[in-house]
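Counting with our numbering, you get residues 217 to 638 for the letters of the sequence shown. Positions of the beta carbon are idealized from the N, C-alpha and C atoms, including for glycine. Below: the structure, in structure tokens.
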Amino acid sequence: MTGLIVQKYGGTSVGTTERIKNVAQRIAEVQRTGKDVMVVVSAMAGETDKLLAMAREFSDHPQHREIDLLLSSGERISAALLTIALNALGCQAVSMTGRQIGLVTDSSHTRARIKHIDASRAKELLNNKHVVVVAGFQGINEQGDVTTLGRGGSDTSAVAVAVALGAERCEIYTDVDGVYTADPNMVADARKLDVVYYEEMLEMASLGAKVLQIRCVEVAKKYKMPLVVRSSYNNEEGTLICEENPSMERPQVSGIMYQKNQSKVTVRGVPDEPGIAAGIFDALAEAAISVDMIIQNVSAEGHADISFTLDTDHLVEAMEVMKKTAHQFKPENLISDSNIAKISIVGEGMRSHSGIASVMFRTLSNENINILMISTSEIRVSCIIESKYTELAVRALHDAFALKTAPTDMDAKAKAEQTKAL
Ligand code: ADP
Ligand code: ASP
Ligand code: MG
């Protein structure tokens, strides 16, 4: 639909009835300019965690199907309240659940993937000049059971409906002014980026910049849907996330990311022979446990140590799997460490510049921070360090790459180019 804008409001943006009134006013103003507006909302801040904690009072392993039904209620509450607030302002609005918006997913409860959206009813309502308010984060599977899209999944709902309805762009409203060079709640002099390319944003989201869920960036990239990350507290311009413009020069490093909820498992002294790594990682894959970094050291005596990292949420399960399958690879020792963090630097400019990793390693060494593991891609370098040094490392790297000041007016130029193209 030409002229359609999809706006997504996160948990803090709809965290109180006062905030909901404020959001309703913003939406009403956009509608007055003649634009069609579709809105996707998250649950009120803290609601999803509160519901999860209640479920855990009954069981350590609540059924994922029931968790989905439970959690989907959070988004329904905010969708209904915002719609009531909009109607009270004289702005015709209708709320819709995942089922009503026709958002069909696979059956992987708590982390479902979207299969398709039949937005015909929403289209009709928009054509009749209604604001459609969608409960984010949820859909239904082919059996009609409620599913959810993983934590932070309302971002993905928003991009998916924007794509399904052919929106001009998708605006993600949150509690910060855009995507920053580092988490602005950790680094006081972090700088807002005017433009971030999809590829960089994919890395940033997967490496800890929780401002956007990674799936939302994947969908936006696939369908070339421009994303704008903005604050719901002011009218600043925000960050544009869009396709790469090869003619524009990019900074070597655009941002520093961190992930604290990481653990390392080391399987020490396994035979150095074919099939050992396959056995270990087959067992983990069968248990649907995703691992992140992997390293193997080979010793002189025909033995090897294999270490891997994963989300701490899966550590207990991973250790159980390792103990159960240990008879296959007979390790001398099996150890885990949950006091680690992953620190990453990301930048499109790394493709064409060398020596960036060494600046990272030198900076960590100057702070006396030991690097436990390293991994790289074309536009990223990640290091595992002791988690107690996370803040120190992020701030030191932010300084070392001089991120608080814009590298010339590169960002502004890139933004001007991209905005012209929209
Ligand atoms: P919402 O509830 O609106 O979905 P989130 O809490 O999911 O908001 O995401 C916004 C938060 O992301 C910010 O408050 C900020 O602390 C965090 N964040 C982490 N890294 C970054 C970054 N590089 N740029 C912006 N925000 C970041
Ligand atoms: N309410 C869900 C969460 O807290 C989804 C979202 O906010 O996007 O993860
Ligand atoms: Mg979020």
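Proximity below 8 Å, CB of residue i to CB of residue j
| i | j | result |
| --- | --- | --- |
| VAL486 | ILE511 | no |
| LEU305 | ALA244 | yes |
| GLY518 | GLN429 | no |
| GLY394 | LEU409 | yes |
| SER603 | ALA534 | no |
| ARG407 | TYR389 | no |
| ASP488 | ALA520 | yes |
| TYR413 | GLU564 | yes |
| PHE524 | VAL481 | yes |
| VAL514 | ILE496 | no |
| VAL469 | ILE572 | yes |
| ALA383 | LEU220 | yes |
| LEU608 | ILE585 | yes |
| PRO278 | ALA271 | yes |
| ALA503 | VAL537 | yes |
Residue i beta carbon near the ligand ASP (any heavy atom closer than 7 Å)
| i | result |
| --- | --- |
| ASP371 | yes |
| GLY290 | yes |
| GLY314 | no |
| PHE353 | yes |
| ALA259 | yes |
Close beta carbons around residue i, own chain, < 8 Å, minus the five adjacent residues each side
| i | result |
| --- | --- |
| MET312 | ALA295, ARG337, ALA338, VAL348, VAL349, VAL350, ALA351 |
| VAL435 | ILE330, THR372, VAL375, ALA376, VAL379, MET441 |
| SER593 | GLU419 |
| ASN207 | This structure leaves residue 207 out entirely; the chain is present only between 217 and 638. |
| GLN359 | SER323 |
| LEU381 | MET217, LEU220, VAL222, MET254, ALA335, ALA338, LYS339, LEU342 |
| GLU415 | LYS437, GLU460, GLU564, ILE595 |
Best match in the options for proximity to residue i [C-alpha to C-alpha]
| i | options | result |
| --- | --- | --- |
| GLY471 | ALA398, ARG315, HIS543, LYS558 | ALA398 |
| PRO467 | VAL411, GLY219, LYS558, HIS530 | VAL411 |
| SER570 | ASP252, ASN549, ILE595 | ILE595 |
| ILE330 | LEU341, GLY314, LYS345, ASN344 | GLY314 |
| ASP265 | ARG248, GLU291, CYS432 | GLU291 |
| ILE551 | LEU531, GLN544, GLU282, ASN513 | LEU531 |
| THR233 | GLU384, GLY318, ALA612, ALA261 | ALA261 |
| ASP527 | HIS346, PHE353, MET270, SER422 | SER422 |
| CYS307 | ARG248, SER568, VAL392, HIS332 | ARG248 |
| ILE356 | GLY318, VAL253, LEU342 | GLY318 |
| LYS540 | GLY227, ALA499, ASN555, ILE561 | ALA499 |
| ILE590 | ASP284, MET566, ILE561 | ILE561 |
| LEU342 | MET217, GLN279, GLY226, MET538 | MET217 |
| GLY226 | HIS346, PHE353, SER275, ASP615 | PHE353 |
| ASN451 | THR228, VAL230, GLY231, VAL246 | VAL246 |
Contact set for residue i: own chain, Cβ-Cβ below 6 Å, skip 5 residues either direction
| i | result |
| --- | --- |
| ALA374 | VAL222, LYS224, VAL256, CYS386 |
| LEU287 | THR264, LEU267, THR364 |
| HIS332 | VAL320 |
| MET417 | VAL433, ILE457 |
Distance cut-off 7 Å: residue i Cβ against heavy atoms of the ligand MG
| i | result |
| --- | --- |
| GLY368 | yes |
| LYS426 | yes |
| GLY394 | no |
| GLY262 | no |
| GLY226 | yes |
Cβ-based neighbour list, residue i, same chain, cut-off 7 Å, excluding 5 preceding and 5 following
| i | result |
| --- | --- |
| THR299 | ALA309, VAL310, SER311, VAL349 |
| ALA542 | LEU550 |
| VAL610 | ALA398, MET402, VAL403, ILE472, TYR474, ILE559 |
| PRO400 | VAL392, ALA406 |
| ALA301 | ILE236, LYS237, ALA240 |
| PRO547 | VAL483, ARG484, GLY485, VAL486 |
Contact test: residue i Cβ vs the ligand ADP heavy atom, cutoff 7 Å
| i | result |
| --- | --- |
| ALA376 | no |
| SER229 | yes |
| THR390 | yes |
| ASN401 | yes |
| GLY657 | Because the chain here runs from 217 to 638, residue 657 falls outside it and cannot be looked at. |
| ALA398 | yes |
| MET420 | yes |
Residue i: CB within 7 Å of a non-hydrogen atom of the ligand SAM
| i | result |
| --- | --- |
| ALA240 | With respect to the ligand SAM, the structure offers nothing, as its ligand set consists of the ligand ADP, the ligand ASP and the ligand MG. |
Practice problem: Examine the Cβ distances between the region 358-368 and the region 317-334 and report whether three or more of them are shorter than 8 Å. | Solution: yes
Quiz item: Do the region 568-580 and the region 593-610 meet, that is, are 3 or more Cβ pairs less than 8 Å apart?
Solution: yes
Exercise. Examine the Cβ distances between the region 473-481 and the region 456-465 and report whether three or more of them are shorter than 8 Å.
Key: Remark: fewer than three beta-carbon pairs, one from each stretch, lie closer than 8 Å, so the region 473-481 and the region 456-465 are not flagged as touching.
Self-check item: At least three beta-carbon pairs within less than 8 Å, the region 249-264 to the region 227-240
Solution: yes
Quiz item: Is there contact here, the region 499-507 with the region 432-448, by at least three beta-carbon pairs under 8 Å?
Solution: no
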